[in-house]
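Just so it is clear: in the sequence shown, position 382 is 383 by my numbering, and no numbers are missing.
Just below is one structure, and these are the notes that go with it.
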Amino acid sequence: MTDSRRSLADVVERIESVHRQQGRVFLVSLGAALRSLKLYPLENEQVQRALNDLVEGARALHQVDPVLKMQVAGEFVFINKTRLRLALDQYASLGHVLNTFAEGRLGTLSVDEAVSRNEWQELVKVLLDAEPPEGNSEGNAVRLQSMLEDQGVTHIFLGPPMQAPQELDAEERSKELARRTYQKSVAVTKDVVNGMRMGRGANVRRMKRAVQGIVDQVLNNEVSLTGLTAIRDYDEYTFTHSVNVCIFSVAIGKRLGLSKRQLYDLGVAALLHDVGKSRVPLELMHKEAALTEEEWHVMQSHPWYGVLALFQMQQTGDLPYRGMITAYEHHMKIGVTGYPRPIRRRNLSLYSKIVAVADGFDAATSRRTYQRAIQPDEVLREMWQNRRRGYDPVLVKELVNLVGIYPVGSCLILDTREIVVVQSRNPDPAMLNRPMTVLAVSSDGQVQRDGATIDLSEKTAAGAFKRSILKVTDPAKYGIRPGDFLI
Ligand SMILES: [Fe+2]
Ligand SMILES: [Fe+2]
């Protein structure tokens, strides 16, 4: 490659990275501005701050392009032709923007660099009234545009919806759908747990819908959703943990041949397995130091609290009775050596045993404030070999089949001295020990951000494998977070 071509490639890459990073800032602040102006008057401090952020975000984008063009197509947002990939916590803002554009029958927003702060303010006001009058949805962009002009806005242009872009293939769409299903489930779980904490009822119907979304997704394309469980959002641990346990449980249930109806029940039970923790004081949940004996006692009461919480929920809807058993039994272990200790011998229900395996795997692979995460392959080995852990070996075997020998999110060192993060199992069942990965650190030690995929089953023309795994490593040693490479 010649020098001038390389430098052109560098420039393109730099601009795209500005689009991606600043585009996210812009989208999040547009969402925040829409939300805050809906709730508060214009003078409100929060509204003003959101507008400032919006102006700043746009200014950064205008430094690389004189016209900022945002396009919304289906579930995707493009900033100057670069598709935005968002972190999970940014989906709420994305939702506001997508809804506003959908209601207003809008597809594009173009903004000239000469735009003023006042014009942004008028735009947000007009967008809040975006919904078209009945029977007049076709030319709504034109109507909104003239509303803007009436307010003296001359640097902002709204356009009608566009077709979903062709270049996104089925796989990209399915991944995006998986991200949305995941994010929605985290939001619902948060709502349920916080609601219980504050003594408010839970929206059972919304929760069931979220579980249905997970079941449908697991039945259609298991890989895309299980892959998301490796994206650990530590601030949201309580909620992502419940969603992860739900995903793993449903996927194990599917492998056992449970019916769709049974998978729904199992999914709801799994999502709520730790709901009793809503009755454990927050200080204790977030405590970084080791817990005292008394504090452990309170923490270990969460199975019981869960049963009580579910009884209360019962009054607001028809929750499956199964959920109570799972909440009660999920820490009991196969030999009933765990907690709570029942008075009589008992056989754990199948759902409890499935949830216990999913719970054990997710809890051990998540880095928590007071413990170091163990690498996923080690966790599987321990769950499989150490019978005192009390997991059903048949179910652990299903989990291994599901997540592979190198589970998603594992960090591997290759014989090429590259470091990769496991993205998914290899679709070829004969290649379970050669997963699909994302390049995280190149052989010269540079951290990579462009998400290049490496298939470890790839061979050279001579028939030898191009790369092989030397060993599993701790990503923290290299200062990387596997989740960053999987979004
Ligand atoms: Fe638990
Ligand atoms: Fe749990």
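All C-beta atoms in this analysis are idealised placements derived from N, C-alpha and C, irrespective of residue type, glycine included.
>> Per the DSSP calculation, Ser-111 is bridged to which residue(s)?
In response: Note: Ser-111 sits in a beta bridge opposite Lys-70, Phe-158.
> Under 6 Å from any heavy atom of ligand 1, does the C-beta of Asp-275 make it?
Replying inline: Judged by the Cβ position, Asp-275 qualifies as a neighbour of ligand 1 at the 6 Å threshold, a heavy atom of the ligand being closer than this.
>> Check for me: the alpha helix (DSSP H) holding Val-219 runs from which residue to which?
In response: The continuous alpha helix (DSSP H) containing Val-219 extends over residues 205-221.
> Does DSSP put Ser-279 in a helix, a strand or coil?
Replying inline: In this structure, DSSP gives Ser-279 a helical state, which the three-state scheme calls helix.
>> Three Cβ pairs or more, each shorter than 8 Å: is that satisfied between the stretch 417-427 and the stretch 273-283?
In response: Counting C-beta pairs closer than 8 Å gives fewer than three between the stretch 417-427 and the stretch 273-283, which falls short of the contact rule.
>> For a test of the three-state rule: what should DSSP assign to Lys-185, helix, strand or coil?
In response: Lys-185: helix per DSSP, three-state reduction.
> Any contact of the stretch 242-262 with the stretch 431-439, i.e. 3+ C-beta pairs under 8 Å?
Replying inline: Here the stretch 242-262 does not lie against the stretch 431-439, with fewer than 3 beta-carbon pairs under 8 Å apart.
>> I need the straight-line Cα distance from Ser-243 to Lys-191, nearest angstrom please.
In response: Ser-243 and Lys-191: Cα-Cα distance of roughly 10 Å.
>> Buried or exposed for Ala-291, going by 16 or more other Cβ atoms inside 10 Å?
In response: By the 10 Å Cβ count, Ala-291 comes out exposed.
> Going by Cα to Cα distance, which pick from Ala-115, Val-112, Glu-76, Arg-435 is closest to Phe-102?
Replying inline: Minimum Cα distance to Phe-102 is reached at Glu-76.
> Applying the criterion that 16 or more other CB atoms from any shown protein chain within 10 Å of the CB defines a buried residue, is Pro-343 buried or exposed?
Replying inline: Sixteen is the threshold: since fewer than 16 other Cβ atoms of the shown chains lie within 10 Å of the Cβ of Pro-343, the residue is exposed.
>> So the candidates are His-332, Met-333, Ala-310; which of them puts its Cα closest to the Cα of Tyr-322?
In response: Checked all of His-332, Met-333, Ala-310; the closest Cα to Tyr-322 is Ala-310.
> My guess is that Gly-105 and Asn-141 are in contact by the Cβ rule of under 8 Å, so how many angstroms apart are they, rounded?
Replying inline: The pair is a contact, with the Cβ atoms about 6 Å apart (cut-off 8 Å).
>> Can you tell me whether Leu-413 is helix, strand or coil according to DSSP?
In response: Leu-413 carries a strand assignment under DSSP once its states are collapsed to helix, strand and coil.
> Count the other CB atoms within 10 Å of the CB of Glu-289; is the residue buried (16 or more) or exposed (fewer)?
Replying inline: With fewer than 16 other Cβ atoms within 10 Å, it is exposed.
> Is the distance from the Cβ of Leu-335 to the Cβ of Ile-253 below 7 Å?
Replying inline: Before going on, a small fix: residue 335 reads as Ile here, not Leu. In this structure, Ile-253 does not lie closer than 7 Å to Ile-335 by Cβ.
> Which stretch, first to last residue, makes up the beta strand (DSSP E) that contains Val-78?
Replying inline: Note, Val-78: beta strand (DSSP E), 77-80.
> From this set, Ser-225, Leu-283, Thr-293, which residue's C-alpha is nearest Arg-181's C-alpha?
Replying inline: Residue Ser-225 is the option with its Cα nearest to Arg-181.
>> Short of 6 Å in beta carbon distance, which residues of its chain neighbour Val-154, apart from the five on each side in sequence? Order them along the chain.
In response: Closer than 6 Å at the Cβ level, and outside the excluded window around Val-154, lie Glu-120, Glu-123.
> On the premise that Tyr-238 lies in contact with Arg-280, defined as a C-beta separation below 8 Å, what is that separation, rounded to the nearest angstrom?
Replying inline: Actually they are not in contact, since the Cβ atoms of Arg-280 and Tyr-238 sit about 18 Å apart, beyond 8 Å.
> Using CA coordinates, which residue listed in Arg-382, Ala-328, Ala-364, Arg-390 is at the minimum distance from Val-337?
Replying inline: Checked all of Arg-382, Ala-328, Ala-364, Arg-390; the closest Cα to Val-337 is Arg-390.
>> Tell me whether the stretch 47-66 and the stretch 17-25 touch, counting them as touching only if at least three CB pairs, one residue from each stretch, are closer than 8 Å.
In response: Yes: at least three Cβ pairs fall under 8 Å.
>> Bridge partners for Arg-84 per DSSP, in chain order?
In response: Partner(s): Phe-79.
>> So, does the stretch 449-461 touch the stretch 387-402, judging by three or more C-beta pairs under 8 Å?
In response: Inter-segment contact for the stretch 449-461 and the stretch 387-402 is absent: fewer than three beta-carbon pairs are separated by less than 8 Å.
> Pick from Asp-475, Val-473, Ile-455, Thr-474: whose alpha carbon is nearest that of Phe-466?
Replying inline: It is Ile-455 whose Cα lies nearest to the Cα of Phe-466.
>> Let me make sure I understand the geometry here. Which of Ser-250, Gly-452, Asn-204 has the alpha-carbon closest to that of Ile-215?
In response: Ranked by Cα distance from Ile-215, the options Ser-250, Gly-452, Asn-204 are led by Ser-250.
> Cβ atoms of Leu-267 and Tyr-352: under 7 Å apart, would you say?
Replying inline: One thing to note: Tyr-352 has its Cβ within 7 Å of the Cβ of Leu-267.
> With C-beta atoms as the reference, is His-332 less than 7 Å away from Pro-304?
Replying inline: Taking 7 Å as the Cβ cut-off, His-332 and Pro-304 qualify as a contacting pair.
>> Going by DSSP in three states, Lys-460 sits in which element: helix, strand or coil?
In response: In the three-state reduction of the DSSP assignment, Lys-460 falls in the strand class.
>> Whole angstroms are fine: how far does the CA of Gln-301 sit from the CA of Lys-255?
In response: Within the model, the alpha-carbon separation for Lys-255 versus Gln-301 is close to 30 Å.
> Which class does Leu-403 belong to by DSSP, given the choice of helix, strand or coil?
Replying inline: When DSSP states are grouped into helix, strand and coil, Leu-403 belongs to the helix group.
> Whose C-alpha, out of Val-125, Pro-428, Leu-110, Cys-412, is nearest the C-alpha of Gln-152?
Replying inline: Looking at the Cα atoms, Val-125 is the closest of the given residues.
> If we count the other Cβ atoms within 10 Å of its Cβ and call it buried at 16 or more, is Glu-330 buried or exposed?
Replying inline: Classification for Glu-330: buried.
> Since Ser-425 sits in a beta bridge, which residues does DSSP pair it with?
Replying inline: Residue pairing of Ser-425 in beta bridges, as defined by DSSP: Met-437.
> Residues bridged to Ile-455 by DSSP?
Replying inline: DSSP lists Thr-438 as partners of Ile-455.
> Are the beta-carbon atoms belonging to Gly-74 and Met-148 less than 7 Å from one another?
Replying inline: Checking the displayed sequence, the identity of residue 74 turns out to be Ala instead of Gly. Against a cut-off of 7 Å, the Cβ pair of Met-148 and Ala-74 comes out as no contact.
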